[in-house]
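Q:
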Amino acid sequence: MALVRLDKALSDQGMWSRKDVKSLVRKGRVAVNGCPETDPGRKVDRQEDRVTVDGREIALKEHLYLMLHKPAGVVSATRDVRERTVVDLVPPQLRRPGLFPAGRLDKDTTGMMILTDDGELAHRILSPRSHVPKTYIARLDRPVTEEMVRAFAAGIPLKGEGECLPATLRVRGEQEGEVTICEGMYHQIKRMFAVCGATVLTLKRISMGGLALDPALAEGACRELTAEELELLERRTPPEIGEIAQGGEAD
Numbered sequence: 498m499a500l501v502r503l504d505k506a507l508s509d510q511g512m513w514s515r516k517d518v519k520s521l522v523r524k525g526r527v528a529v530n531g532c533p534e535t536d537p538g539r540k541v542d543r544q545e546d547r548v549t550v551d552g553r554e555i556a557l558k559e560h561l562y563l564m565l566h567k568p569a570g571v572v573s574a575t576r577d578v579r580e581r582t583v584v585d586l587v588p589p590q591l592r593r594p595g596l597f598p599a600g601r602l603d604k605d606t607t608g609m610m611i612l613t614d615d616g617e618l619a620h621r622i623l624s625p626r627s628h629v630p631k632t633y634i635a636r637l638d639r640p641v642t643e644e645m646v647r648a649f650a651a652g653i654p655l656k657g658e659g660e661c662l663p664a665t666l667r668v669r670g671e672q673e674g675e676v677t678i679c680e681g682m683y684h685q686i687k688r689m690f691a692v693c694g695a696t697v698l699t700l701k702r703i704s705m706g707g708l709a710l711d712p713a714l715a716e717g718a719c720r721e722l723t724a725e726e727l728e729l730l731e732r733r734t735p736p737e738i739g740e741i742a743q744g745g746e747a748d
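Residue 748, in the working numbering, is where the sequence shown stops; the numbers in between run on with no holes.
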């Protein structure tokens, strides 16, 4: 396991700057494995060493992974001078430098988003080559037809971008469909339905990879992913319908 400087390991958690950490160390408020530490440059193992500040143990996580239930009216950005962003919804105790949304949802689209500071993971789950499925619930202005189901399965051509990869469309109600895609073209699902003569009224993302939106997570709330959920996120098989929270976007 790679070692890292103590001041960097603590400042990475988002609660202090490296200058703050150095001050804490000088004041004797930081301990490593039960012993007060005097050197902020001391190398520690994030997994093995126990680090405390004022007697409180600090989990030295290299990266942070959050599931957010995005509400409508919030933009998928790290900052915006006019609009509230998904990062603005993260409570102070879960914030850290470099946190960003892995992918995007339209301002008025709701559902599951992943926020992280791990660029490599974001690339893996978003790259079309990875074929990580993303599932959405779309409510339309007209009934979902078998003709639409067949068109989605065959691959729908989008103007200026060629033909989409085959997608799965399941009928959930007279005017509601469950869509699973493995790519993320601009407003893809809305445009696919438009080709079929339908308008998407609401859209909600309910899963990414094998990970379903937590039904207990209220709109606007977020929480850390468990190690098991992180593994599910990169699976190429979506959850079974019964495992998915009722509700969804690829715009």
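Glycine included, every Cβ here is placed at the ideal spot set by N, Cα and C. Note that the coordinates shown come from a computational prediction; the quantities given were computed from them, not determined experimentally.
Which one of Met512, Arg733, Ile611 and Pro594 has the shortest CA to CA distance from Cys719?
A: Here the closest residue by C-alpha is Ile611.
Q: May I have the straight-line CA-CA distance separating Val501 from Gly525, to the nearest angstrom?
A: 20 Å
Q: Is it true that the CB of Gln685 sits closer than 8 Å to the CB of Arg636?
A: no
Q: Rounded to the nearest angstrom, what separates Ala742 and Leu710 at their Cα positions?
A: Residue placement at Ala742 is flagged as unreliable, the pLDDT there being 42, under the threshold of 50; the coordinate-derived value follows with that caveat. Rounded to whole angstroms, Ala742 to Leu710 spans 6 Å at the Cα level.
Q: Measuring alpha carbon to alpha carbon, tell me which residue in Ala569, Val550, Glu680 and Val578 is nearest Lys701.
A: Considering only Ala569, Val550, Glu680 and Val578, the residue with the shortest C-alpha distance to Lys701 is Ala569.
Q: What separation, rounded to the nearest whole angstrom, lies between the Cα atoms of Gly745 and Gln590?
A: Here Gly745 scores only 38 on pLDDT, less than 50, and its place in the model should not be relied on; the value that follows carries that caveat. Roughly 27 Å separates the two Cα atoms.
Q: What are the start and end residues of each continuous beta strand (DSSP E) run of 3 or more residues lying completely inside the region 517-548, in chain order?
A: For the region 517-548, the continuous beta strand (DSSP E) assignments of 3+ residues that do not extend past its boundaries occur at 527-529 and 540-542, in sequence order.
Q: Is it buried or exposed for His620, if we count other Cβ within 10 angstroms and need 16 for buried?
A: exposed
Q: Spatial neighbours of Pro663 within its chain, please: C-beta separation below 8 Å, excluding the five flanking residues on both sides.
A: Phe649, Ala650, Ala651 and Gly652
Q: For His566 and Gln544, I'd like the C-alpha separation in whole angstroms.
A: 29 Å
Q: Return helix, strand or coil for Pro735, following the three-state DSSP convention.
A: coil
Q: Using DSSP's beta-bridge definition, name the partner residues of Glu660.
A: Pro654
Q: Taking Gly674 as the reference, give the member of Gly659, Ala713, Thr632 and Glu680 with the closest Cα.
A: Thr632
Q: Within a Cβ cutoff of 6 Å, which residues of the same chain sit near Gly538, ignoring the five residues on either side of it in sequence?
A: Arg502
Q: For the candidate residues Cys693, Leu618, Glu660 and Thr606, whose alpha-carbon lies nearest to that of Thr643?
A: The sequence shown places Glu at residue 643, not Thr. It is Cys693 whose Cα lies nearest to the Cα of Glu643.
Q: State the DSSP-derived secondary structure class of Met705, mapped to helix, strand or coil.
A: strand
Q: To the nearest angstrom, how far is it from the Cα of Gly616 to the Cα of Ser624?
A: 12 Å
Q: From Leu698, Val527, Thr734 and Ala506, pick the residue whose C-alpha is nearest to that of Ser704; which is it?
A: Thr734
Q: If you follow the beta strand (DSSP E) that Ala635 is in, where does it begin and where does it stop?
A: Lys631 to Leu637
Q: Buried or exposed for Lys519, please, with buried defined as at least 16 other CB atoms from any protein chain shown within 10 angstroms of its CB.
A: Counting Cβ neighbours within 10 Å, Lys519 comes out buried, since at least 16 surround it.
Q: Whole angstroms is fine: what's the gap from Gly552's alpha carbon to Gly511's?
A: For Gly552 and Gly511, the distance between alpha carbons rounds to 18 Å.
Q: Is it the case that the Cβ atoms of Ser573 and Leu602 are separated by a distance below 8 Å?
A: Taking 8 Å as the Cβ cut-off, Ser573 and Leu602 qualify as a contacting pair.
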